[in-house]
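To keep things clear, I will list the structure first and then write my remarks on it.
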């Protein structure tokens, strides 16, 4: 059974600081997703990582994938309040039809 | 505009009263799936479909049914809802036909269901 673990589950940080969210998974996969969810809203796709060593960046967020270590990271640079949300990673076992999600990391960025 | 549309967005019902949550996508995607989101449990897959007339169970299929008669629609049916099915439900679709957003999962806005 595939297990996907994120840590931390809760993260409170100050504006301007850097931090990393980790996503570990238990079964070989070469496709990993990161999503953002605002309270009461749907999930917004941030990154799709399709191969070992993939790195993608969008604004203050950068995601990477190490399939050998079964680890993905989401790095936040110089956090701003607008980044406050819950972030999920999801591991794909079958071309998008079988995603297993982590529990989510609730990020709060304080002014 | 590319989108996944769910209805209803909010529903309060009573135990045992059959209901259907509809899901429609306009992106000609092959794969569609249903998830439920519960506090502390993240998102869990209920059912998925790889194409018309092809459906399979996800991680938590008990108490649910689905059908895929047309490519664009993937309704979720609760034949006899129970309080433990109170949850936030998301439909999602994914296309694999090529293009810049290939392999990206698109989510609907969510349907909040309460079963009394």
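Residue numbers (this note's numbering), protein chains in the order written: chain A, 1 to 111; chain B, 1001 to 1116. We treat Cβ as the ideally placed atom computed from N, Cα and C, and that holds for glycine.
What residue from A/87, A/102, A/71 has the CA that sits closest to residue 1041 of chain B's CA?
A/102
List the endpoints of the continuous beta strand (DSSP E) containing residue 46 of chain A.
43-49
So, residue 126 of chain A versus residue 1033 of chain B, is the Cβ gap smaller than 8 Å?
Outside the shown range of chain A, which is 1 to 111, sits residue 126 of chain A, and nothing can be said about it.
Check this for me: beta carbons of residue 1072 of chain B and residue 1111 of chain B, under 8 Å apart or not?
no
Find out if the Cβ-Cβ distance for the pair residue 88 of chain A, residue 35 of chain A is shorter than 8 Å.
yes
Output the boundary residues of the beta strand (DSSP E) element that contains residue 1060 of chain B.
Counting along the chain, residue 1060 of chain B falls outside any beta strand (DSSP E), and DSSP gives it neither H nor E.
Quick one: is residue 1107 of chain B near chain A, going by C-beta distance under 8 Å?
yes
Could you work out which residues of chain A lie near residue 1050 of chain B, taking near to mean beta carbons separated by less than 7 Å?
97
Give me whichever residues DSSP pairs with residue 66 of chain A in a beta bridge.
A/71
Could you tell me whether the Cβ atoms of residue 1059 of chain B and residue 1045 of chain B are closer together than 8 Å?
yes
I'd like the ranges of any beta strand (DSSP E) spanning at least 3 consecutive residues and lying wholly in the segment 1009-1058 of chain B.
1010-1013, 1019-1025, 1031-1038, 1042-1051, 1054-1057
Could you tell me whether the segment 1007-1016 of chain B touches the segment 74-93 of chain A, using the rule of 3 or more Cβ pairs below 8 Å?
no
Chain B residues whose Cβ lies nearer than 8 Å to that of residue 42 of chain A
1090, 1107, 1108, 1109, 1110
Listed by chain order, chain B residues near residue 50 of chain A by CB distance under 7 Å:
1103
Counting only Cβ pairs nearer than 7 Å, list the residues of chain E close to residue 33 of chain A.
Looking for chain E here will not work: the only protein chains present are A and B.
Nearest candidate by alpha-carbon position, reference residue 1108 of chain B, set B/1002, B/1085, B/1090:
B/1090
Report yes if the CB atom of residue 1019 of chain B is closer than 8 Å to the CB atom of residue 1081 of chain B, and no otherwise.
yes
What does residue 1047 of chain B reach in chain A if we use C-beta pairs closer than 8 Å?
The premise fails here: residue 1047 of chain B is roughly 10 Å from chain A at the closest Cβ pair, so nothing lies under 8 Å.
Closer than 9 Å by beta-carbon distance: list the chain B residues that pair up with residue 10 of chain A, in chain order.
Ordered by position in chain B, no residue passes the 9 Å Cβ test against residue 10 of chain A, which lies about 12 Å from the chain.
Would you verify that the beta carbon of residue 5 of chain A is, or is not, closer than 8 Å to some beta carbon of chain B?
no
Based on the DSSP output, what are the partners of residue 106 of chain A in its beta bridges?
A/10, A/86
Within its chain, find whatever has a CB closer than 6 Å to the CB of residue 38 of chain A; leave out the 5 residues flanking it on each side and keep chain order.
85
Using a C-beta cutoff of 8 Å, does residue 103 of chain A count as contacting chain B?
yes
Measuring alpha carbon to alpha carbon, tell me which of B/1021, B/1013, B/1047, B/1051 ends up nearest residue 1030 of chain B.
B/1051
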